[in-house]
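> Protein chains in written order, with this note's numbering: chain A, 656 to 946; chain B, 26 to 314.
Just so you know, even glycine gets a beta-carbon here, dropped at the ideal spot from N, CA and C.
The structure's right below; bear with me while I get my questions together.
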């Protein structure tokens, strides 16, 4: 018979648990759940920040959202950004993880520094690097004989440019998780397969990739959600331009709330974005579990 | 005889591989370091020189020909950058302390106190991770306004201190503590709070350092929220100050480099020292999650 563990009386347990949990729970309630419900509520209203007046508007904001060409444009832009940034970032992260995994700890550190650098500094410095005349990147291109590019001034190159700088910043984060995932793969698998005559590519395809599935799914979901929240580099260096090429959803929310004084509409878009991200996450989890 | 040739071929191939690998390595390193080198070099450049050596590429592109501390002098004495630094430091410090306190308490309760509904509470806490900040920033702004905390320091850091990720991280570590520690303390007559404060906390110090650093980085690097919630220039944080330099009417490029330098270097130094904690904190939470 197992000895029962010493445990304080139920009343003390519940009282301690309550007191210790309360501050954080209150914080979560006020600053996460309340704003969430507030956003849903506000989505059904017209809110004028200047006058403070709220009027019930039913689903009008959502109807507007459904037929708003600018919203559709921003959503399209955000999807384009997502398609550019996430695959490249994850592929690069995996490659770097494979490169760094056994030695080269110093390289891992270097790759991680952008990850802890603030979004403001990253945006500002890259914004300057992309300058058509005085920027470092064009200078580098010209030094190897390539023509200078317009980058942020061109409506075709602007979004890929933003995607590149975000890849640069985020790849360290994904690499960390790939590194941890790689550690979990026993060397014996590789050795056994190698003695059976498998080459490097086959080892990667049939051992590494499948065993990294959990990591890949986790990173896919995390990076997708992060991609749809992109804001700061665009806010600081392209401001949605040129010609709306980089106007993304969160920028549109921000402008509606704090510039156009349409907080109700901004909230409605926020709710739609949150729902979209929730669906994407749940769907990804489901499909990854099924197969 | 053919053995020797194939030996030589594989040697040559190995040599070529090593060369490609080294070249690739250099490219990777440059890709990640060059922006910092350019930023650091330009931070010490006088205004006249700021973009003069960008083309054609030379060592002068990265190293100032006439280095100067004028940019930093300007930032600190004329633009009150020191104030912004102090603000960021203060807010980050307060954030870390309060976060660690209240999140570790909740984490302890969730990990080591037996009460009904414990798992439900944990799931509810975790669910907040699904809510992206950008989707509630508008209503968070209104909430802060209604609480009378607009344009206050508290308005900046209060929304940050209840952090589901930190709670999750610390709960993991509390759970991993051996039961005997707690049992012995209880038998000795410790209240649960004493168990938490005197027994458990000291034993998860690495996790606390991880959490502290992760939260510090988050607070120091934050931009959108301080942008929304403050108006008083005296309350500007470093990131806001740097962004102002960039979006100003009269842009002074050399100051942008210097400001970015100041905004980044302390954190990089801290990271070099504490990187192990940062990595472990981020990765172990994600893996077990």
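Can you tell me where the alpha helix (DSSP H) holding residue 250 of chain B begins and where it ends?
In the second chain, the residue the question calls residue 250 of chain B occupies position 225. 249 to 254 is the span of the alpha helix (DSSP H), which, as asked, contains residue 250 of chain B.
> On the DSSP bridge list, what partners appear for residue 700 of chain A?
As a working mapping, residue 700 of chain A is identified with position 45 in the first chain. In DSSP, residue 700 of chain A forms a bridge with A:711.
> The alpha helix (DSSP H) with residue 752 of chain A in it runs from where to where?
Against the first chain, residue 752 of chain A aligns to sequence position 97. 724 to 755 is the span of the alpha helix (DSSP H), which, as asked, contains residue 752 of chain A.
> Find out if the Cβ-Cβ distance for the pair residue 264 of chain B, residue 778 of chain A is shorter than 7 Å.
In the second chain, residue 264 of chain B corresponds to position 239, counting from 1. In the first chain, residue 778 of chain A corresponds to position 123, counting from 1. Result no, Cβ atoms of residue 264 of chain B and residue 778 of chain A do not sit closer than 7 Å.
> At least one CB of chain B closer than 7 Å to the CB of residue 866 of chain A: is that the case?
By 1-based counting over the first chain, the position of residue 866 of chain A is 211. Output row for residue 866 of chain A: interface = no.
> Among A:743, A:662, A:718 and A:696, whose alpha-carbon lies nearest the alpha-carbon of residue 821 of chain A?
Position 166 of the first chain, counted from the first residue, corresponds to residue 821 of chain A. When each option's Cα is compared against that of residue 821 of chain A, the closest is A:743.
> Quick one: what's got a C-beta closer than 6 Å to residue 174 of chain B's C-beta in the same chain, skipping five residues either side?
Position 149 of the second chain holds residue 174 of chain B. If we look at residue 174 of chain B and ignore the five residues flanking it on each side, its Cβ neighbours are 180.
> Output the distance between the C-alpha atoms of residue 100 of chain B and residue 760 of chain A, rounded to the nearest integer angstrom.
Start at 1 with the first residue of the second chain, and residue 100 of chain B comes out as number 75. Start at 1 with the first residue of the first chain, and residue 760 of chain A comes out as number 105. Going from the Cα of residue 100 of chain B to the Cα of residue 760 of chain A covers about 36 Å.
> With contact counted as at least three CB pairs below 8 Å, one residue from each stretch, are the stretch 107 to 121 of chain B and the stretch 237 to 249 of chain B in contact?
Yes: the two stretches touch, three or more of their Cβ pairs being nearer than 8 Å.
> Which runs of the alpha helix (DSSP H) fall wholly inside the stretch 124 to 191 of chain B and span at least 4 residues, in chain order?
Qualifying alpha helix (DSSP H) stretches, in chain order: 143 to 152, 158 to 171 and 178 to 182.
> Less than 7 Å between C-beta atoms, sequence neighbours within five positions excluded: which residues of the same chain meet that for residue 749 of chain A?
Translated into positions along the first chain, residue 749 of chain A becomes position 94. The residues are 833.
> Beta carbons nearer than 8 Å to chain B: which residues of the stretch 719 to 742 of chain A have them?
If the cut-off is 8 Å between Cβ atoms, the stretch 719 to 742 of chain A has nothing near chain B.
> Just the chain A side, please: which residues come within less than 9 Å of residue 186 of chain B by C-beta, in chain order?
Translated into positions along the second chain, residue 186 of chain B becomes position 161. Residues of chain A passing the Cβ test: 678, 679, 682 and 686.
> Smallest Cα separation from residue 870 of chain A: which of A:791, A:718, A:745 and A:676?
In the first chain, the residue the question calls residue 870 of chain A occupies position 215. Residue 870 of chain A has its Cα closest to that of A:745, out of A:791, A:718, A:745 and A:676.
> Flag this pair as touching only if the stretch 846 to 854 of chain A and the stretch 763 to 772 of chain A have three or more C-beta atom pairs under 8 Å; answer yes or no.
These segments do not touch.
> Distance cutoff 7 Å, beta carbons only. Does residue 893 of chain A sit that close to anything in chain B?
For the purposes of this step, residue 893 of chain A is taken as the residue at position 238 of the first chain. No, because no Cβ of chain B sits closer than 7 Å to the Cβ of residue 893 of chain A.
> Just to confirm my understanding: we take residue 843 of chain A, look at its own chain, exclude 5 residues before and 5 after, and list those with CB closer than 8 Å. What are they?
If you number the first chain from 1, residue 843 of chain A lands on position 188. Taken in chain order, the list of residues that qualify is empty.
> Counting only beta-carbon atoms, is residue 766 of chain A nearer than 7 Å to chain B?
For the purposes of this step, residue 766 of chain A is taken as residue 111 along the first chain, with counting starting at 1. Taking Cβ atoms only, chain B reaches closer than 7 Å to residue 766 of chain A, which makes this a yes.
> Taking only the alpha-carbon atoms, compute the straight-line gap between residue 688 of chain A and residue 838 of chain A and give it to the nearest angstrom.
Translated into the one-based positions of the first chain, residue 688 of chain A becomes position 33. Translated into the one-based positions of the first chain, residue 838 of chain A becomes position 183. C-alpha separation (whole angstroms): 38 Å.
> Per the contact definition of three or more C-beta pairs closer than 8 Å, is the stretch 213 to 225 of chain B in contact with the stretch 127 to 138 of chain B?
Touching, yes, given that three or more Cβ pairs across the two stretches are closer than 8 Å.
> Between residue 127 of chain B and the rest of its own chain, which residues show a CB-CB distance below 8 Å, the 5 nearest in sequence each way excluded?
Indexing the second chain from 1 puts residue 127 of chain B at position 102. Cβ neighbours of residue 127 of chain B beyond the five flanking positions: 186 and 187.
> Could you check which residue in B:294, B:300 and B:164 has the C-alpha nearest to that of residue 923 of chain A?
Translated into the one-based positions of the first chain, residue 923 of chain A becomes position 268. Measuring from the Cα of residue 923 of chain A, the nearest candidate turns out to be B:164.
> I'd like the list of long-range same chain contacts for residue 875 of chain A, defined as Cβ closer than 8 Å, with 5 residues on each side in sequence excluded.
As a position in the first chain, residue 875 of chain A is number 220, starting the count at 1. Result list for residue 875 of chain A: 741, 745 and 939, in chain order.
> Please tell me whether residue 35 of chain B has its Cβ less than 7 Å away from any Cβ of chain A.
Translated into positions along the second chain, residue 35 of chain B becomes position 10. Closer than 7 Å: no.
> What residues from chain A crowd round residue 121 of chain B, counting only those whose CB sits closer than 8 Å?
The residue you call residue 121 of chain B lines up with position 96 of the second chain. Residues of chain A passing the Cβ test: none, with the nearest at roughly 15 Å.
> Only counting the same chain, and skipping five residues up and downstream in sequence, which positions put a Cβ closer than 8 Å to that of residue 813 of chain A?
Along the first chain, one-based indexing puts residue 813 of chain A at 158. Excluding residues within five positions, the ones whose Cβ falls inside 8 Å are 806, 807, 893, 896, 897, 900 and 901.
> Using the Cβ count rule (16 or more neighbours within 10 Å means buried), how would you classify residue 94 of chain B?
The residue given as residue 94 of chain B occupies position 69 in the second chain. Classification of residue 94 of chain B: exposed, given that the 10 Å Cβ count is below 16.
> Is residue 694 of chain A closer than 7 Å to residue 936 of chain A when the C-beta atoms are compared?
If you number the first chain from 1, residue 936 of chain A lands on position 281. If you number the first chain from 1, residue 694 of chain A lands on position 39. In this structure, residue 694 of chain A does not lie closer than 7 Å to residue 936 of chain A by Cβ.
> Check this for me: beta carbons of residue 747 of chain A and residue 826 of chain A, under 7 Å apart or not?
Looking up residue 747 of chain A in the first chain gives position 92. Looking up residue 826 of chain A in the first chain gives position 171. In this structure, residue 826 of chain A lies closer than 7 Å to residue 747 of chain A by Cβ.
> Can you give me the C-alpha to C-alpha distance between residue 863 of chain A and residue 840 of chain A, rounded to a whole angstrom?
Locating residue 863 of chain A in the first chain gives position 208, where the first residue counts as 1. Locating residue 840 of chain A in the first chain gives position 185, where the first residue counts as 1. Approximately 8 Å between the Cα atoms of the pair.
> What does residue 150 of chain B reach in chain A if we use C-beta pairs closer than 7 Å?
Position 125 of the second chain holds residue 150 of chain B. Those within 7 Å of residue 150 of chain B in chain A are 683.
> Between which two residues does the alpha helix (DSSP H) containing residue 213 of chain B stretch?
Counting from 1 along the second chain, the entry for residue 213 of chain B is found at position 188. Taken as a continuous stretch (DSSP letters only), residue 213 of chain B belongs to no alpha helix (DSSP H), as it is neither H nor E.
> Just the Cα atoms here: how many angstroms apart are residue 928 of chain A and residue 815 of chain A?
As a working mapping, residue 928 of chain A is identified with position 273 in the first chain. As a working mapping, residue 815 of chain A is identified with position 160 in the first chain. Each residue's Cα considered, the two are about 22 Å apart.
> Nearest to residue 699 of chain A by CA position, among A:679, A:872 and A:709, is which residue?
Within the first chain, the letter at position 44 stands for residue 699 of chain A. The option with the nearest alpha carbon to residue 699 of chain A is A:709.
> What's the gap between the Cα of residue 114 of chain B and the Cα of residue 800 of chain A?
Sequence index remark: in the second chain, residue 114 of chain B carries index 89 (1-based). Sequence index remark: in the first chain, residue 800 of chain A carries index 145 (1-based). Taking the straight line from one Cα to the other gives about 45 Å.
> For residue 130 of chain B and chain A, any beta-carbon pair shorter than 7 Å?
Residue 130 of chain B sits at position 105 when you count from the first residue of the second chain. Chain A, which has a Cβ nearer than 7 Å to the Cβ of residue 130 of chain B, makes this yes.
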